[in-house]
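Peer 1:
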Amino acid sequence: MNKIKLVLPLALPGIKTGIFSLFTALLFLPSCEYDTDQVYNRTVDKNTTAPVIGMVELHLEGDTVYVYGSTDFNFSFTSSDQEIIGAGFSVDGADSLFVQSDNGQFRYRTAYLTPGQHTLKLDLYTHSGSSSIADILNYESYQFSKTWVLILVNDYYTYYEENVSNGYLKLIFPKYRNPDLTEYVISRFIIDSFREVGRVTIPEFTDSTYVGEGGSYRVQVNTSSGDRISWGEANLNSDLPQVRYYNIPGSGNFVTWDRSKFFNAASGYYAEITNMNNNLGAIPTKLNSSADTILSLTGFQNGEVGLIKLRVVPKKGNLVYTVGYYPSFERYQYFTVTN
Amino acid sequence: MKKVFLSLVILISTGSLWSQEVKTGIQYGIAFSSMEELRVLDLQIKATIPFSTKIVADFPGYWYYKPMIKLAYKKFSVGIEYTFNSTGSRISGKDYSGEYLLDMRIRRNSPGIFAEYYLHSFKNFGIWISSSGGILFTSLTLKQDLSVINTSLTNNSFSFKAKNYFFQPGAKLVYPWHSFDFEFNAGYLIELGSGALHEEKDSRQLLVNMVSDEPIKPGWNGFILGFTINYTLKKSK
Numbered sequence: 001m002n003k004i005k006l007v008l009p010l011a012l013p014g015i016k017t018g019i020f021s022l023f024t025a026l027l028f029l030p031s032c033e034y035d036t037d038q039v040y041n042r043t044v045d046k047n048t049t050a051p052v053i054g055m056v057e058l059h060l061e062g063d064t065v066y067v068y069g070s071t072d073f074n075f076s077f078t079s080s081d082q083e084i085i086g087a088g089f090s091v092d093g094a095d096s097l098f099v100q101s102d103n104g105q106f107r108y109r110t111a112y113l114t115p116g117q118h119t120l121k122l123d124l125y126t127h128s129g130s131s132s133i134a135d136i137l138n139y140e141s142y143q144f145s146k147t148w149v150l151i152l153v154n155d156y157y158t159y160y161e162e163n164v165s166n167g168y169l170k171l172i173f174p175k176y177r178n179p180d181l182t183e184y185v186i187s188r189f190i191i192d193s194f195r196e197v198g199r200v201t202i203p204e205f206t207d208s209t210y211v212g213e214g215g216s217y218r219v220q221v222n223t224s225s226g227d228r229i230s231w232g233e234a235n236l237n238s239d240l241p242q243v244r245y246y247n248i249p250g251s252g253n254f255v256t257w258d259r260s261k262f263f264n265a266a267s268g269y270y271a272e273i274t275n276m277n278n279n280l281g282a283i284p285t286k287l288n289s290s291a292d293t294i295l296s297l298t299g300f301q302n303g304e305v306g307l308i309k310l311r312v313v314p315k316k317g318n319l320v321y322t323v324g325y326y327p328s329f330e331r332y333q334y335f336t337v338t339n
Numbered sequence: 340m341k342k343v344f345l346s347l348v349i350l351i352s353t354g355s356l357w358s359q360e361v362k363t364g365i366q367y368g369i370a371f372s373s374m375e376e377l378r379v380l381d382l383q384i385k386a387t388i389p390f391s392t393k394i395v396a397d398f399p400g401y402w403y404y405k406p407m408i409k410l411a412y413k414k415f416s417v418g419i420e421y422t423f424n425s426t427g428s429r430i431s432g433k434d435y436s437g438e439y440l441l442d443m444r445i446r447r448n449s450p451g452i453f454a455e456y457y458l459h460s461f462k463n464f465g466i467w468i469s470s471s472g473g474i475l476f477t478s479l480t481l482k483q484d485l486s487v488i489n490t491s492l493t494n495n496s497f498s499f500k501a502k503n504y505f506f507q508p509g510a511k512l513v514y515p516w517h518s519f520d521f522e523f524n525a526g527y528l529i530e531l532g533s534g535a536l537h538e539e540k541d542s543r544q545l546l547v548n549m550v551s552d553e554p555i556k557p558g559w560n561g562f563i564l565g566f567t568i569n570y571t572l573k574k575s576k
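These protein sequences, in sequence, are chains A and B.
For the record, in the first sequence the residue sitting at position 254 is 254 according to my numbering, with numbers rising by one throughout.
Position in the second sequence (from 1) plus 339 gives the number in my numbering.
#1: Just checking: is the beta-carbon of Tyr364 of chain A within a distance shorter than 8 Å of some beta-carbon in chain B?
#2: Might you give, ordered along the chain, the residues of its own chain that have their beta carbon closer than 6 Å to the beta carbon of Ser496 of chain B, omitting 5 neighbours on each side?
#3: Is Pro389 of chain B close to chain A, meaning its C-beta is less than 8 Å from at least one C-beta of that chain?
#4: Hey, is Tyr514 of chain B's beta-carbon within less than 8 Å of any beta-carbon in chain A?
#5: Write down every uninterrupted run of the beta strand (DSSP E) in the region 35-102 of chain A whose length is 3 residues or greater and which is fully enclosed by it, in chain order.
#6: If you compare alpha carbons, which of A:Val312, A:His127, A:Ile308 is closest to Ala291 of chain A?
#7: Give me the Cα-Cα distance between Tyr68 of chain A and Gly268 of chain A, rounded to the nearest whole angstrom.
#8: Below 8 Å on C-beta distance, what does Ala134 of chain A contact in chain B?
#9: Is the region 223-243 of chain A touching the region 168-182 of chain A, taking contact as three or more C-beta pairs under 8 Å?
#10: Need the endpoints of the alpha helix (DSSP H) that Thr322 of chain A sits in, please.
#11: Please confirm whether Gly427 of chain B has its beta-carbon closer than 8 Å to some beta-carbon of chain A.
#12: Using the Cβ count rule (16 or more neighbours within 10 Å means buried), how would you classify Gln366 of chain B?
#13: Could you tell me whether any Cβ in chain B is nearer than 8 Å to the Cβ of Thr126 of chain A?
#14: Between the Cα of Pro314 of chain A and the Cα atoms of A:Pro179, A:Leu287, A:Met276, which residue gives the shortest distance?
#15: Alpha carbon to alpha carbon, how far is Thr43 of chain A from Thr201 of chain A?
#16: DSSP three-state call for Ile525 of chain B: helix, strand or coil?
#17: If we count the other Cβ atoms within 10 Å of its Cβ and call it buried at 16 or more, is Gln220 of chain A buried or exposed?
#18: Could you name the residues of the same chain whose beta carbon sits closer than 8 Å to that of Leu536 of chain B, not counting the 5 residues immediately before and after it, in chain order?
#19: Which first and last residues belong to the beta strand (DSSP E) in which Lys502 of chain B is found?
#20: Contact criterion: CB-CB distance below 8 Å. Does Ser542 of chain B meet it with respect to chain A?
#21: Can you give the Cα-Cα distance for His59 of chain A and Gly86 of chain A, rounded to whole angstroms?
#22: Chain A beta carbons: is any one of them nearer than 8 Å to that of Tyr412 of chain B?
#23: With respect to the beta strand (DSSP E) encompassing Lys309 of chain A, which residues constitute its N-terminal and C-terminal limits?
#24: For a test of the three-state rule: what should DSSP assign to Glu376 of chain B, helix, strand or coil?
#25: In whole angstroms, what separates the C-alpha of Val255 of chain A from that of Tyr157 of chain A?
#26: Which residues bound the alpha helix (DSSP H) around Asp552 of chain B?
#27: For the structure I just gave you, are there three or more beta carbon pairs, one from the region 407-425 of chain B and one from the region 445-460 of chain B, closer than 8 Å?
#28: Cα separation between Leu124 of chain A and Ser436 of chain B?
#29: For His59 of chain A, would you say it is in contact with chain B, using Cβ-to-Cβ distances shorter than 8 Å as the test?
#30: Would you identify the three-state DSSP class for Gln333 of chain A, choosing helix, strand or coil?
#31: Quick one: what does DSSP say Pro327 of chain A is sitting in, helix, strand or coil?
#32: Please list, in chain order, the residues of the region 88-100 of chain A that have any C-beta partner in chain B closer than 7 Å.
#33: Quick check on the DSSP output: the beta strand (DSSP E) that includes Ile151 of chain A runs from which residue to which?
#34: Taking the alpha helix (DSSP H) that Ile133 of chain A belongs to, which residues open and close that run?
#35: Using C-beta distances below 7 Å, list every residue in its chain close to Asn166 of chain A, excluding the 5 sequence neighbours before and after it, in chain order.
#36: Let me check understanding here. Comparing Cα to Cα, which of A:Ile191, A:Gly212, A:Gly303, A:Val197 lies closest to Glu162 of chain A?
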């Protein structure tokens, strides 16, 4: 058997012992490379309970929701405890759209939906409240689901006809069907812009100042989420009484007119009669009742031409009349006296 | 520096022919490195983490070891040395749902030369002053790991390196025993140079402060306390 002798290359006295000692010392050295196994165990609460979810703007009791045109669909939720992470929306079972929100308000855009009936499913997620890593990174949550029938209406904007009820102008418009309705706002075009003339909570509006002078009305819907939806408009032509001349032999000459359709909104009439032959100037006459519809002519000879300007005077509150713009309340009529 | 180092190797190997003694030794001890800029980076990273974490290790003083060989005269000695030292930090957060770890491990490999001068002795102890200098090769590994509900979301590892120089003044207490010298060493390492930590394979990618955008240097400055065993290879005749 061959013996192998380990020979150290350094021929110095005691070197083997010395190097052996040093390497022995090295063996007892601590680990050369730093490492640590310390961890920080976070304080968490695994035993949380689900929060109570509340609906602020759109009431969840209803199962059918109407969406008008491309109007955004607003949801607003509150949570009794844990914060809301976000909500996933899916329509007709299609892929869910997730919207993140730290205040529970969501806006669902319906622009791409076709008109008609759809099924909308909403999954609302809240934090678990455990404060765990998964909770904070939104990997741990409570989920609440709700399904609605969603009806998308695109042709809701309508043009209203003139409607007279009990001597007043009455605008009747389609009903806004969601429970988040606050009011309908009615505006009227005055001089150069629309000015609000009333607010109602039912889909009809009576203008107690309109006397047939013509005008443009606009209706908007206010919702509890702060949206204002253009709901429709009415463009009314002038509808003032027609003036006629007639002669009753032995009694005299008269001008008369039909009673205003909007008689309850009118306080009376104002008339000016001008003899076009003598050019002496107009004779003003004021009639304080909308039921007075006849005026006797004096000072006219046979064959003379007259001009009557009849103005329907509205009761207080007519904004167009208030600003002093009378022509739209007036009708002119020439006549020739025949005795 | 390489030339100086090589010259000293040659000097020691040939110097043994005429010098008093040739000694070899191993020193180990604890280096307390400041790592100021890396500590700040840890704080900045911690601030960006959305859940609560803690810096459970913040570059503590850690063991180093230093083999050396020297020519020793009666009141003077010179030699070459090599030091390995490491330390690190950890940002940690763990709960039932997951775990986050950010580990930094920093190492230095530093070859150098040193000189020592005898001052005084009392009883059997000798008091010496020393100084050394050399190159600091630093490597830094940064590992980030985030797992949630048994799923790994992030598992990144980055390696950086830097080259700097050092100067280390110090003092030691020596107790000779037969062919051995037992030493207690104290010193202060001063990092020199402007070498910033850069990505291992691309020196253009620097590790920077998240706020100031300034490149980060290793920061090995700090006190060093050690113990040395020297063995006399060749005694004076």
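Built from N, CA and C at the ideal position, the CB exists for glycine as well.
On a predicted model such as this, the values are computed, not experimentally measured, just so you know.
Peer 2: Straight from the coordinates:
#1: Not covered by the structure: residue 364 of chain A. The range shown for chain A is 1 to 339.
#2: Locating residue 496 of chain B in the second sequence gives position 157, counting from the first residue. Cβ within range, chain order: Lys482.
#3: Here the question's residue 389 of chain B lines up with position 50 in the second sequence. For Pro389 of chain B, the answer is yes, since a Cβ of chain A falls inside 8 Å of its Cβ.
#4: Residue 514 of chain B sits at position 175 when you count from the first residue of the second sequence. Closer than 8 Å: no.
#5: 53-55, 64-68, 73-79, 84-91, 97-100
#6: One-based indexing of the first sequence puts residue 291 of chain A at position 291. Looking at the Cα atoms, A:Val312 is the closest of the given residues.
#7: Numbered from its first residue, the first sequence carries residue 68 of chain A at position 68. Numbered from its first residue, the first sequence carries residue 268 of chain A at position 268. Rounded to whole angstroms, Tyr68 of chain A to Gly268 of chain A spans 43 Å at the Cα level.
#8: As a working note, residue 134 of chain A is residue 134 in the first sequence. Residues of chain B passing the Cβ test: Ser436, Gly437, Val487, Ile488.
#9: yes
#10: The residue labelled residue 322 of chain A in the question sits at position 322 within the first sequence. Counting along the chain, the alpha helix (DSSP H) containing Thr322 of chain A begins and ends at 319-322.
#11: The count along the second sequence starts at 1 and reaches residue 427 of chain B at position 88. Output row for Gly427 of chain B: interface = yes.
#12: The count along the second sequence starts at 1 and reaches residue 366 of chain B at position 27. Burial call: buried.
#13: As a first step, residue 126 of chain A must be located in the first sequence, where it is residue number 126. Cβ-Cβ to chain B under 8 Å: no for Thr126 of chain A.
#14: Your numbering for residue 314 of chain A matches position 314 in the first sequence. Pro314 of chain A has its Cα closest to that of A:Leu287, out of A:Pro179, A:Leu287, A:Met276.
#15: Here residue 43 of chain A refers to the residue found at position 43 of the first sequence. Here residue 201 of chain A refers to the residue found at position 201 of the first sequence. Approximately 53 Å between the Cα atoms of the pair.
#16: The residue you call residue 525 of chain B lines up with position 186 of the second sequence. According to the sequence shown, residue 525 of chain B is Ala rather than Ile. Strand.
#17: The residue labelled residue 220 of chain A in the question sits at position 220 within the first sequence. The residue is buried, with at least 16 neighbouring Cβ atoms inside 10 Å.
#18: As a first step, residue 536 of chain B is located in the second sequence; it is residue number 197 there, counting from the start. So the qualifying residues of the chain are Thr477, Leu479, Phe499, Lys500, Ala501, Leu545, Leu546, Pro554, Ile555, Lys556, Pro557.
#19: Locating residue 502 of chain B in the second sequence gives position 163, where the first residue counts as 1. Taken as a continuous stretch (DSSP letters only), the beta strand (DSSP E) holding Lys502 of chain B covers 490-516.
#20: As a working note, residue 542 of chain B is residue 203 in the second sequence. It does not; no Cβ of chain A falls within 8 Å.
#21: For the purposes of this step, residue 59 of chain A is taken as the residue at position 59 of the first sequence. For the purposes of this step, residue 86 of chain A is taken as the residue at position 86 of the first sequence. Interpretation of His59 of chain A is limited by its pLDDT of 48, a score under 50 that renders its predicted location unreliable; the figure taken from the coordinates is listed afterwards. Spanning the two alpha carbons is a distance of roughly 18 Å.
#22: Stepping through the second sequence from its first residue, residue 412 of chain B is reached at position 73. Judged by the 8 Å Cβ criterion, Tyr412 of chain B is not in contact with chain A.
#23: In the first sequence, counting from the first residue as 1, residue 309 of chain A sits at position 309. Its beta strand (DSSP E) spans residues 305-314.
#24: What you label residue 376 of chain B is simply residue 37 of the second sequence in a count that begins at 1. Three-state result, Glu376 of chain B: helix.
#25: The residue given as residue 255 of chain A occupies position 255 in the first sequence. The residue given as residue 157 of chain A occupies position 157 in the first sequence. If I take the Cα positions, the gap works out to 43 Å.
#26: Within the second sequence, the letter at position 213 stands for residue 552 of chain B. First-last for Asp552 of chain B: undefined, no H or E at that position.
#27: yes
#28: Reading the first sequence from its first residue, position 124 is the one you call residue 124 of chain A. Reading the second sequence from its first residue, position 97 is the one you call residue 436 of chain B. Their Cα atoms are separated by approximately 22 Å.
#29: Your numbering for residue 59 of chain A matches position 59 in the first sequence. Note on His59 of chain A: pLDDT 48, under 50, position unreliable in the model; the coordinate value appears next. So, not an interface residue.
#30: As a first step, residue 333 of chain A is located in the first sequence; it is residue number 333 there, counting from the start. Correct three-state label for Gln333 of chain A: strand.
#31: Residue 327 of chain A sits at position 327 when you count from the first residue of the first sequence. Helix at Pro327 of chain A.
#32: none
#33: Working through the first sequence from its first residue, we reach residue 151 of chain A at position 151. Unbroken beta strand (DSSP E) run through Ile151 of chain A: 141-153.
#34: For this step, residue 133 of chain A is matched to residue 133 along the first sequence. Where Ile133 of chain A is concerned, the enclosing alpha helix (DSSP H) stretches over 133-136.
#35: One-based indexing of the first sequence puts residue 166 of chain A at position 166. Cβ within range, chain order: Asn264.
#36: The residue you call residue 162 of chain A lines up with position 162 of the first sequence. The shortest C-alpha separation from Glu162 of chain A is found at A:Gly212.
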